[in-house]
Each structure stands twice: as structure tokens, then as C-alpha cells.
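Here the protein sequences come in this chain order: A and B. Quick note: the first sequence uses the numbering used here, first residue 32, plus one each step. Quick note: the second sequence uses the numbering used here, first residue 5, plus one each step. To keep things clear, I will list the structure first and then write my remarks on it.
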Amino acid sequence: MKKKKQLFETIIHGVFLILGLITVGSVLLITIYLIISGIPAIREIGIIDFLFGTQWKSTDAEPSFGILPFILTSVYGTAGAVVIGVPVGFLTAVYLAKIAPPKIKTLVTGAVGLLAGIPSVVYGLVGMLVLVPGVRVLFNLPDGANLFSAIIVLAIMILPSIINVSVTALESVPKEYEDASLALGATPVETYFKVSVPAAKSGIAAAVVLGVGRAIGEAMAVIMVSGNVANMPSLFQSVRFLTTAVASEMSYSAGLQQQALFSIALVLFLFIMLINATLNFFLKRSKED
Amino acid sequence: MEKQTISGKRKFYIGTLRFLMYLSAAITCGLVLFIVIYVLIKGIPNISWELLSTQPSYIDKSIGILPDILNTLYIIIAALLIVIPVGAGAAVYLTEYAKNKKIVAIIEYTAETLSGIPSIIFGLVGMLFFCEFMNMKTSLIAGALTLVIMNLPTIMRTTQESLKTVPQSYREGAFGLGAGKWRTIRTVVLPGCIDGIITGCILSIGRILGESAALLFTAGSAHVLNGFFQALGDPGSTLTVALYFYAKERGEFGVAFAIAAILMILTLLINLLAAFVGAVFKKRRKI
């Protein structure tokens with residue numbers, strides 16, 4: 032009887048262990064699939080030609096598969112979104128964490144939550160019909176679907192990540208630090224920016240890195256506002272990102288072209304892994320602080 | 005006593021920062037307000053009973069989004085049915101069973117990694133693994149399984165958080181009364197983590213509702229009216245994918261905005277529900 036019960040408990044333990052390992056299995060599955068399906072095209076094209084080639088002509092009679100335009104577009108687009116999104120998000124976070132009265136704080140936090148919940152295709156749609164024509168008229172261009180429009184959309188989309196993580200970091204700054212600064216004669220605003228913000232710097236850095244990850248991985252909103260032509264990036268030209276390169280050709284691709292798309296996904300995945308490692312570094316440090 | 009004054013330079017610094025903070029907060033709120041109101045104003049007039057209750061017909065040249073609504077519902081149900089037991093089970097393993105710190109660290113690290121992977125990569129691997137390798141073809145179930153992997157970390161995290169609030173003494177009490185490990189978990193631990201699972205469900209529903217890139221190549225883009233089990237094996241587009249196609253490929257902006265308005269209202273409701281549920285659970289825990 033006792034043995035039977037023990038066996039039963041062992042089985043249950045095993046079942047839970049398997050459920051726990053599904054996450055590990057999923058990550059392994061994704062990594063292995065991307066490597067296996069991404070390597071062949073890189074080998075055939077040659078890693079230098081693939082990563083540093085400036086021509087992407089996947090459907091020509093003599094196709095060329097250079098993804099430098101996509102890599103640079105993703106890097107510039109993300110950098111642009113960070114340059115615009117981080118100051119706005121950071122200052123909003125300081126306001127929410129330190130100054131806002133409780134009622135306004137609840138309201139604004141709710142609004143930020145909503146911003147995070149809006150589907151990316153809705154951002155794309157509003158961008159297509161408001162931002163793209165607006166950019167066209169404002170800068171007097173033939174077409175407003177370009178890198179600039181994509182940067183604006185990305186900057187808005189990364190706001191919630193930046194705000195939420197920064198607020199958490201700023202709120203966990205020990206009150207004694209601020210009290211000491213106030214007692215020494217600093218005004219509240221000086222205290223927030225010269226004491227609280229430096230104390231929360233690891234958490235704020237984590238917020239920025241999280242925003243970078245969101246921006247580089249976004250596909251659907253960007254595909255709708257960036258024009259989607261494989262040009263080398265320039266602020267007012269139609270461009271294609273790593274994500275949108277995969278999304279726009281996958282449905283009709285075959286052979287080497289499809290394999291090259293998997294290779295692009297592999298490159299994107301490597302970027303994401305690098306960003307994740309950076310994020311973990313800052314999160315760990317912010318916990319230690 | 006002489007009144008203390010601060011120098012002009014300091015005043016300027018404080019004033020500028022204060023102004024910039026108010027400006028940033030105003031920009032953030034203004035953006036939210038603008039997007040919500042714009043989408044609702046453009047979308048609601050285009051929502052009609054006919055749009056909601058029919059399927060697209062090439063003969064009448066009419067567009068209906070009933071199949072897309074149903075597909076969204078089906079995919080949410082299918083994904084949740086799988087992700088809840090797996091995610092909650094993984095959380096139970098981590099907090100109740102795991103003794104090996106290394107395994108815990110690996111599982112938690114992979115969960116974090118999973119939540120940082122962009123949805124387009126989930127879509128691609130989902131297509132390779134579920135649609136091609138497992139031979140499911142482009143179908144709702146392939147899309148749902150892709151979403152299961154995406155939402156695992158969410159359910160795991162919320163369940164784990166609520167498991168931590170179950171007092172250790174409850175478990176000890178159950179053991180003391182002679183209950184085995186499983187019986188303790190089933191009768192004492194699991195009932196205590198229901199709020200975590202519910203919170204996780206709400207968050208997942210929100211995420212599935214807004215997902216498009218992961219579904220484009222796994223669930224496809226058909227607009228056919230089907231029952232639940234028939235639909236799972238067939239391709240079908242959710243509301244977001246339908247929005248993308250109507251806006252980008254067909255230039256049907258009226259329909260696109262109608263769908264956007266529906267999505268916006270649902271997002272609002274889900275956010276309110278999440279806030280409400282969170283407040284209720286917090287209150288209950290305090291008692």
C-alpha cells in the first residue's frame with residue numbers, strides 16, 4: 032500500500048517536472064530550428080556577402096541576397112525610437128513616481144496600460160492614415176511612408192515598457208536617500224533628478240534595453256508605415272526592417288529565397304539574445320543596488 | 005530670520021525640469037486619448053449588424069467579419085485550454101517540487117528569454133514546427149499552439165506570484181494531517197493560486213487579441229464560417245490579421261477601422277477587468 036502511494040507521488044512529481052521543462056524545450060526548439068534553417072542560405076550566399084551585401088533582389092533572375100539594408104534600418108529605426116521615446120518615457124516616469132497626486136497617477140498609469148494593450152496593427156492603421164500623410168505634407172515629400180514615420184510609431188510603442196519599468200525602479204529608491212537630500216537643502220525636483228534617478232540608474236537602463244528589444248522585434252505596425260522597399264536606410268526613404276523583410280516575403284517565397292528569410296530571422300534572433308543578456312545584466316544589478 | 009532664496013540658475017534648472025516632466029506626461033496622455041478617440045470616431049459608424057453577422061461574399065461584394073470574430077474566440081479558447089495547465093503546472097513545479105537550484109534557474113531563465121522573443125520569430129518557428137514538421141498545415145490549432153508557447157511565461161509568472169502568497173503553515177498543516185504531497189497541492193495549494201491563474205488568463209487574452217505577426221503564417225487568413233472543431237483544422241484569420249489584410253492589401257479602410265474600434269473597445273474592457281480583478285484580489289488577501 033505504502034509502495035503504491037510512493038509510486039503515485041513519483042509519477043505526479045514527474046508530470047510536474049515535464050510541465051516545467053516545456054519552457055526549456057520551447058526555447059531549445061526555437062533556437063535549434065532557427066539555426067538549422069538559417070545556416071544553409073548563409074553558407075550558399077557566403078556570410079560576408081549576406082551580412083554586408085547592400086543589394087536585396089530576391090526575385091530577380093540573378094538574385095542577390097545582401098541584408099545590410101535591413102540590419103542598418105533596424106539599428107537606425109531602433110536608435111531613433113529610443114532617442115525620441117526614452118526622454119518622454121523617462122520624464123513621464125519621474126512625474127508618475129514622484130510628483131503625480133494619487134488620483135492622476137492611477138489615471139495616467141491606466142492610460143499607459145492601454146497604450147501597451149493596443150494591438151500593433153491598430154498602431155499601423157492609425158499610422159497609415161494619420162502619420163504617413165502628415166509626414167508627406169509636413170516635409171513636402173512624394174510619399175510619407177518612410178523610416179521617419181516608422182521611428183515615430185516605434186517611439187510611441189516603446190513608451191509603456193520604458194515608463195512601467197522606470198516607475199518601478201524609481202519607487203524602490205529608499206526614502207532615506209531623498210530625505211537626506213531634502214534635509215541638506217535641495218529642493219524636491221533637484222532631489223528627484225540628482226539623488227533618486229542616479230540611485231535607480233540600473234533599473235532605468237533595464238527599461239531602455241527593454242524598449243530596444245520591443246522596437247527591434249516589432250513587425251506589423253512598422254510594415255504598414257515604412258513603405259517596405261529594400262533601400263539603404265535614409266530618414267525620408269522607404270525602408271525595410273529585419274522583421275518586415277521576413278513578414279513581407281514569407282508567404283510567397285520558396286527555395287533559396289525562403290532559406291535566406293530564415294537566415295534573416297536568425298540574425299534578428301541573435302540581436303534579441305544580445306539584448307536579453309544586456310537586460311538581465313541590468314536587472315540583476317538593479318536588484319543588487 | 006532672513007528668508008532663504010535660491011539662485012536664479014537653480015530656479016531655471018528646477019523650472020525647466022518641472023516643465024519638461026509635465027510636458028512628457030501630457031504627451032503620453034494626449035497620445036493615448038488621440039489614438040482611442042480617433043479609432044472610435046472613425047470605426048464606430050462603420051460597425052453594422054450586417055458586418056458583424058455575415059461572412060464575406062464575392063457575389064454580393066459584401067464584407068462580414070463574423071468568421072474572424074469566431075476564429076479569434078476559438079483561438080483564445082484553444083490556446084488557454086492548453087496554456088493554463090502547462091503554465092500553472094510549471095509554476096507549481098518551480099515553487100512546490102523543485103529542489104535543484106540549477107533546474108529552477110534554467111527554467112526561469114528560459115521563461116524570461118521566451119518573453120523577450122519577438123512574435124514574428126514565434127510565427128516563423130511555429131510555421132516550421134507545427135505546420136510543416138507536425139503536419140498540421142496552416143490551421144487555427146497551429147496558431148493556437150504557437151500562442152501557447154508565447155503566453156507560457158505570463159501564466160507561469162502570475163501563478164508563481166500567487167503561489168508565494170499561500171502561507172507555508174497551510175502546507176505544513178496539510179502534511180501534519182497526513183496528506184501526501186499531491187493531496188496537499190490539490191486541496192491546499194492550487195485553490196490558493198486561482199487568482200494568479202485568472203490574472204494570467206486576462207493578460208493572455210489581451211495579448212492573443214492583439215497578436216498578428218505570430219498568426220500570419222501559422223493560422224493563415226481565410227474568412228470561412230466554421231464550427232469550433234472544424235475550424236481548428238482549417239486556416240482562419242483572427243480580427244487583427246483581418247484588419248491587416250483589409251487595410252494593407254485591399255484598401256478597405258472602413259472595415260479596417262470598424263475592426264480597430266472593436267479591438268479598441270475589447271482592449272479597454274480587458275484593461276479595466278484586469279485592474280478590477282487585481283484590486284479585488286489584493287483586498288481579499290489583506291483580510
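From the three backbone atoms N, C-alpha and C, an ideal C-beta is built for every residue, glycine too. Quick caveat, the model's predicted, so the values are computed rather than measured.
Next item on the list: Would you mind telling me which residues of chain B sit closer than 8 Å to A:P100, beta carbon to beta carbon, in chain order?
Entry: Residue mapping note: residue 100 of chain A aligns to position 69 of the first sequence, counting from 1. By Cβ distance, chain B contributes nothing, its closest Cβ being about 18 Å from A:P100, past 8 Å.
Next item on the list: Report the partner residues of A:W87 according to the DSSP bridge assignment.
Entry: If you number the first sequence from 1, residue 87 of chain A lands on position 56. Per DSSP, A:F96.
Note to self: Just to make sure I have the definition right: I need the residues of chain B whose C-beta is within less than 8 Å of the C-beta of A:L145. Which are they?
What the structure shows: The residue labelled residue 145 of chain A in the question sits at position 114 within the first sequence. Chain B residues near A:L145: V36, V40, T271, L272 and N275.
Check: For the candidate residues A:S180, A:F47 and A:E40, whose alpha-carbon lies nearest to that of A:R167?
Finding: Residue mapping note: residue 167 of chain A aligns to position 136 of the first sequence, counting from 1. Comparing Cα-Cα distances from A:R167 to each of A:S180, A:F47 and A:E40, the minimum goes to A:S180.
Item checked: Sequence-distant residues of its chain with Cβ nearer than 7 Å to B:M5 (five each side left out) -> The sequence position of residue 5 of chain B within the second sequence is 1, counting from 1. In this predicted model, B:M5 has a pLDDT of only 47, less than 50, meaning its place in the structure is not dependable; the value taken from the coordinates is given anyway. Closer than 7 Å at the Cβ level, and outside the excluded window around B:M5, lies no residue.
Margin query: I want to know whether the segment 232-247 of chain A touches the segment 149-169 of chain A - three or more CB-CB distances under 8 Å.
Written below: no
Next item on the list: Specify the secondary structure class of B:S66 as computed by DSSP and reduced to three states.
Entry: Position 62 of the second sequence, counting from 1, holds the residue named residue 66 of chain B. In the structure shown, B:S66 sits in a strand (DSSP, three-state: E or B).
Check: Tell me, which residues are paired with A:V270 by DSSP?
Finding: Indexing the first sequence from 1 puts residue 270 of chain A at position 239. Its beta-bridge partners are A:G258.
Item checked: Residue-level contact to chain A via CB, B:E256, 9 Å cutoff -> Sequence index remark: in the second sequence, residue 256 of chain B carries index 252 (1-based). Cβ-Cβ to chain A under 9 Å: no for B:E256.
Check: chain B beta carbons: is any one of them nearer than 9 Å to that of A:P71?
Finding: Mapped onto the first sequence, residue 71 of chain A falls at position 40. No, no contact with chain B.
Checklist line | Contacting positions in the segment 205-225 of chain B - beta carbon closer than 8 Å to chain A | finding: G210, L213, G214, E215, S216, A217, L220 and F221
Checklist line | Beta-carbon spacing of A:S151, B:A217 below 9 Å | finding: Translated into the one-based positions of the first sequence, residue 151 of chain A becomes position 120. Translated into the one-based positions of the second sequence, residue 217 of chain B becomes position 213. Yes, these two residues count as a Cβ contact at 9 Å.
Notebook entry, point to check: Nearest-angstrom Cα distance between A:V153 and B:T271?
Noted result: Taking the first residue of the first sequence as position 1, residue 153 of chain A is located at position 122. Taking the first residue of the second sequence as position 1, residue 271 of chain B is located at position 267. Going by the C-alpha atoms only, they are around 11 Å apart.
Notebook entry, point to check: Are the C-beta atoms of B:G231 and some chain A residue less than 9 Å apart?
Noted result: Taking the first residue of the second sequence as 1, we reach residue 231 of chain B at position 227. No, B:G231 does not count as interfacial toward chain A.
Check: Which residues, in chain order, does the segment 87-99 of chain B contribute to contact with chain A at a C-beta distance below 9 Å?
Finding: P89, V90, G91, A92, G93, A94, A95, V96, Y97 and L98
Next item on the list: Answer yes or no: do B:K168 and B:T99 have a C-beta to C-beta separation smaller than 9 Å?
Entry: As a working mapping, residue 168 of chain B is identified with position 164 in the second sequence. As a working mapping, residue 99 of chain B is identified with position 95 in the second sequence. A contact, by the Cβ cut-off of 9 Å.
Checklist line | Assumed close pair A:F96, A:W87 - CB separation to whole angstroms, cut-off 8 Å | finding: Taking the first residue of the first sequence as position 1, residue 96 of chain A is located at position 65. Taking the first residue of the first sequence as position 1, residue 87 of chain A is located at position 56. Confirmed, about 6 Å.
Check: If the cut is a Cβ gap below 8 Å, which residues of chain B does A:K36 touch?
Finding: Here the question's residue 36 of chain A lines up with position 5 in the first sequence. The answer, in chain order, is G184.
Check: What are the boundary residues of the alpha helix (DSSP H) that includes A:N311?
Finding: The residue given as residue 311 of chain A occupies position 280 in the first sequence. Segment G286 to E319, the alpha helix (DSSP H) holding A:N311.
Notebook entry, point to check: How do the segment 248-258 of chain B and the segment 178-198 of chain B stand: do at least 3 beta-carbon pairs fall below 8 Å, yes or no?
Noted result: no
Check: Tell me, which residues are paired with B:S61 by DSSP?
Finding: As a position in the second sequence, residue 61 of chain B is number 57, starting the count at 1. B:S66.
Next item on the list: Would you please verify whether the beta carbon of A:T199 is less than 9 Å from any beta carbon of chain B?
Entry: As a first step, residue 199 of chain A is located in the first sequence; it is residue number 168 there, counting from the start. A:T199 does not count as touching chain B.
Check: Roughly how many whole angstroms lie between the Cα atoms of B:R289 and B:S166?
Finding: The residue given as residue 289 of chain B occupies position 285 in the second sequence. The residue given as residue 166 of chain B occupies position 162 in the second sequence. Rounded to the nearest angstrom, the two C-alpha atoms are 10 Å apart.
Checklist line | Terminal residues of the alpha helix (DSSP H) in which B:M138 lies | finding: Walking along the second sequence from the start, residue 138 of chain B turns up at place 134. Run containing B:M138: none; DSSP gives neither H nor E here.
Next item on the list: Look at A:L145 and B:N275 and say whether their C-beta atoms are less than 9 Å apart.
Entry: Position 114 of the first sequence, counted from the first residue, corresponds to residue 145 of chain A. Position 271 of the second sequence, counted from the first residue, corresponds to residue 275 of chain B. Yes.
Margin query: Check this for me: beta carbons of A:G108 and A:S257, under 9 Å apart or not?
Written below: Within the first sequence, residue 108 of chain A is the residue found at index 77, counting from 1. Within the first sequence, residue 257 of chain A is the residue found at index 226, counting from 1. Yes, these two residues count as a Cβ contact at 9 Å.
Notebook entry, point to check: According to DSSP, is A:T218 helix, strand or coil?
Noted result: As a position in the first sequence, residue 218 of chain A is number 187, starting the count at 1. A:T218: coil per DSSP, three-state reduction.
Check: Based on Cα-Cα distance, which residue from B:I48, B:A246 and B:G214 lies nearest to B:Q59?
Finding: Position 55 of the second sequence holds residue 59 of chain B. Looking at the Cα atoms, B:A246 is the closest of the given residues.
Check: Would you say B:M5 reaches chain A, if we count a Cβ-Cβ gap shorter than 9 Å as a contact?
Finding: To locate residue 5 of chain B, count along the second sequence from 1; it is residue 1. Reliability fails at B:M5, whose pLDDT of 47 lies under 50, so the model's placement of it is uncertain and the value that follows must be treated cautiously. Chain A, which has no Cβ nearer than 9 Å to the Cβ of B:M5, makes this no.
Check: Going by alpha carbons, who is nearest to B:T188 out of B:Q172, B:L267, B:I202 and B:K105?
Finding: Counted from its first residue, the second sequence places residue 188 of chain B at position 184. It is B:Q172.
Notebook entry, point to check: What residue range is occupied by the uninterrupted alpha helix (DSSP H) comprising B:M25?
Noted result: Start at 1 with the first residue of the second sequence, and residue 25 of chain B comes out as number 21. G12 to G47 is the extent of the alpha helix (DSSP H) around B:M25.
Check: Where does B:V281 fall in DSSP's three states?
Finding: On the second sequence, position 277 is the one that residue 281 of chain B refers to. Residue state, collapsed to three classes: helix.
Notebook entry, point to check: Within 9 Å (strictly less), CB to CB, does A:V239 reach chain B?
Noted result: Taking the first sequence and counting its residues from 1, one reaches residue 239 of chain A at position 208. Output row for A:V239: interface = no.
Next item on the list: Give a yes or no on whether the minimum CB-CB distance between A:N16 and chain B is below 9 Å.
Entry: The structure shown does not extend to residue 16 of chain A, since chain A is modelled only from 32 to 320, so the question has no answer here.
Next item on the list: Mind checking which residues open and close the alpha helix (DSSP H) that includes A:P133?
Entry: As a first step, residue 133 of chain A is located in the first sequence; it is residue number 102 there, counting from the start. Its alpha helix (DSSP H) spans residues P133 to G148.
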